[in-house]
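The structure appears below as structure tokens.
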Amino acid sequence: MIRQSWWKILGVLLLVYTFIAGLMMPLKPGIIQVSPGSLHAGEAVELVVRGYNSSYAKAGKENMRAWLKMDDENILAASKVQVLGNRDLKVFFNLPAYLPSKDSSGSFSLILDHPADGAAVLPNAVFITQDSIDPAKAGSAWKSGRFENLSEHPGKTFPFRNILKESIRNQYFHVPLWFAMMFLFLFSLIHSIKYLRKGDPDADLRVVSLNQAGMIYGLLGVVTGALWAKHTWGAYWSWDTKQNMTAICLLIYAAYFVLRGAFQDDERKARLSAIYNIFAFAAMIPLLFVIPRMTDSLHPGAGGNPAFGGDDLDNTMRMVFYPAGVGWTLLGFWVASIVYRIRALEFKWLDR
Amino acid sequence: MICNRVSLVLILALASIVSARAQGADADFLESMGKMYVVLAVVLAILFGIVAFLIYLDRKLTKLENQIKEE
Chain V
294 MIRQSWWKIL
304 GVLLLVYTFI
314 AGLMMPLKPG
324 IIQVSPGSLH
334 AGEAVELVVR
344 GYNSSYAKAG
354 KENMRAWLKM
364 DDENILAASK
374 VQVLGNRDLK
384 VFFNLPAYLP
394 SKDSSGSFSL
404 ILDHPADGAA
414 VLPNAVFITQ
424 DSIDPAKAGS
434 AWKSGRFENL
444 SEHPGKTFPF
454 RNILKESIRN
464 QYFHVPLWFA
474 MMFLFLFSLI
484 HSIKYLRKGD
494 PDADLRVVSL
504 NQAGMIYGLL
514 GVVTGALWAK
524 HTWGAYWSWD
534 TKQNMTAICL
544 LIYAAYFVLR
554 GAFQDDERKA
564 RLSAIYNIFA
574 FAAMIPLLFV
584 IPRMTDSLHP
594 GAGGNPAFGG
604 DDLDNTMRMV
614 FYPAGVGWTL
624 LGFWVASIVY
634 RIRALEFKWL
644 DR
Chain L
13 MICNRVSLVL
23 ILALASIVSA
33 RAQGADADFL
43 ESMGKMYVVL
53 AVVLAILFGI
63 VAFLIYLDRK
73 LTKLENQIKE
83 E
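Going down the list, the protein sequences come from chains V and L.
The first sequence runs 294 to 645 under our numbering.
The second sequence runs 13 to 83 under our numbering.
This is the structure:
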């Protein structure tokens, strides 16, 4: 039994690991809120900062450093930092009278650094306006900050992304469903070719089963994606390129089942649906891999960027993401194999 | 083929229940605790989907068993 089912056991073990590591690993400390959000140049300001998973009190104010950053050249160091609690800080800045910018306003990121949590960034934390524009006068005031000896967070964490927060863990549930779907469709393609070469009805049964499991994964991928999108991009469906292309791809595969239903004769059904399946796979590749990369998309990895880069998938996430991909794929093949066995029984008993 | 459609309808119905719940519930709740409940909703959606498919397979197998018994 072990000899035959080792891959099912492996799949389940990998999923158990995915659930435990993917749900229990903490997020890197981050900044969730800074108020007030809009400031005026030339004033001494007091910013109230709220942290996430942070331990400001443990670090102590002598180790705490804070900056406002416009770009790599223009960084302003805080004049004072006051620790109120593990998640609450007050940061004081003496804003220079002029901004180092040719616009009447600019947005600045807040950066915190201390040894207990490592460095944390809130992009576009505050918006500063100025009355008169003179970048030359801003001069050296904005050069007071230097990022030196930034600390690293001790221990393993997942990245903190402001719009995602804990929902970054969906990377181990939503994304692997698509990978597994592609593997299922790839194997169904292989069995389609096998059917066309040898005419073995068994290969046809495998194609249907793999496509059925792949469809389930695809539908679950759309549903989980919509739920995630609602709480990240604000809508279940944003008519994003990748969302539209996956919908088209699933409709093409849904038509495979409709096509099968249209034939009475088993042999014609198997042959024509095998040919259709090859075209469906050929359509899936550009729909999912090429078109979303050519246009702008809300999904990471679009607009020419390679997917899974930088902070969207760091090395700690990879330690869970790859096992998750293999685990969900093996579960998909397990589902497909059960569907196949039921269909084979049906074929043997009812179509004699 | 009918079974196929039944399973599809079942899964879509369950999916819509999940999303309707997410919509009906206070959005602040799902986004509280650093959006942890969004992960819960996604995991539950996958669980419901797989269970719905298991129900479909179960019924299909029962029908097949009965037919084999009759023969």
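Heads up, the beta-carbon is just placed ideally off N, CA and C, and yes, glycines get one too.
Here the structure is a predicted model, which is why all the values come from computation and not from measurement.
Cβ neighbours of residue i in the same chain (closer than 8 Å, five flanking residues each side left out)
i      : result
V/F582 : none
V/A350 : V376, G378 and N379
V/N417 : S400, F401 and S402
V/A337 : S372, F385, F386, N387 and L388
V/F420 : G330, S331, L332, S398, G399, S400 and F401
V/S590 : D533, T534, K535 and G596
V/K354 : V374, Q375 and V376
Pairwise C-alpha distance: residue j and residue i
i      : j      : result
L/Q79  : V/I635 : 13 Å
V/G492 : L/F41  : 55 Å
V/S437 : V/V374 : 16 Å
L/L69  : V/M474 : 19 Å
V/F572 : V/R553 : 15 Å
V/P393 : V/V342 : 24 Å
L/K75  : L/I58  : 26 Å
V/A434 : V/I461 : 38 Å
V/A567 : V/A575 : 13 Å
V/N356 : V/M363 : 23 Å
V/G335 : V/E441 : 26 Å
V/A413 : V/T450 : 13 Å
V/R490 : V/R564 : 10 Å
V/R439 : V/P585 : 39 Å
V/G330 : V/G323 : 17 Å
V/E618 : V/K383 : Looking at the sequence itself, residue 618 of chain V is Gly, so the reference to Glu does not match. Cα-Cα distance, rounded: 43 Å.
V/T517 : L/V54  : 5 Å
V/A429 : V/K321 : 38 Å
Neighbourhood of residue i by C-beta, 6 Å cutoff - its chain only, sequence neighbours within 5 removed
i      : result
V/M577 : C542
V/Q326 : R343
V/R499 : H484 and Y633
V/K487 : A496
V/P599 : Caution is warranted here: a pLDDT of 47 is assigned to V/P599, below 50, making its placement in the model unreliable, and the coordinate value is therefore given only provisionally. Correct list: empty, nothing qualifies.
According to DSSP, residues forming a beta bridge with residue i
i      : result
V/H407 : V/G411
V/V419 : V/F401
V/R358 : V/D406
V/L382 : V/V342 and V/V376
Neighbourhood of residue i by C-beta, 7 Å cutoff - its chain only, sequence neighbours within 5 removed
i      : result
V/A519 : Y529 and W530
L/M13  : Interpretation of L/M13 is limited by its pLDDT of 45, a score under 50 that renders its predicted location unreliable; the figure taken from the coordinates is listed afterwards. Excluding residues within five positions, none has a Cβ falling inside 7 Å.
Unbroken alpha helix (DSSP H) run spanning residue i, endpoints
i      : result
V/K487 : H467 to K491
V/L457 : No alpha helix (DSSP H) holds V/L457; DSSP gives it neither H nor E.
V/D427 : Neither: V/D427 is in no alpha helix (DSSP H) and is coded neither H nor E.
V/A506 : P494 to K523
V/A390 : V/A390 -> no alpha helix (DSSP H), and no H or E assigned at all.
V/G662 : Missing from the structure shown is residue 662 of chain V; chain V here goes from 294 to 645 and no further.
V/W530 : Per DSSP, V/W530 belongs to no alpha helix (DSSP H) and is neither H nor E.
Beta strand (DSSP E) segment containing residue i, residue limits
i      : result
V/Y345 : A337 to Y345
Any non-hydrogen atom of the ligand NAP closer than 7 Å to residue i Cβ
i      : result
V/I324 : In terms of ligand content, the structure shown is empty, and the ligand NAP therefore cannot be addressed.
Chain-ordered residues of the segment 38-66 of chain L with a beta carbon less than 8 Å from chain V:
Residues passing the 8 Å Cβ filter: A39, L42, E43, M45, G46, K47, M48, V50, V51, A53, V54, V55, A57, I58, G61, I62 and F65.
At a Cβ cut of 7 Å, what residues of the segment 459-490 of chain V count as close to chain L, listed as they run along the chain?
Those would be E459, S460, R462, N463, F466 and H467, in chain order.
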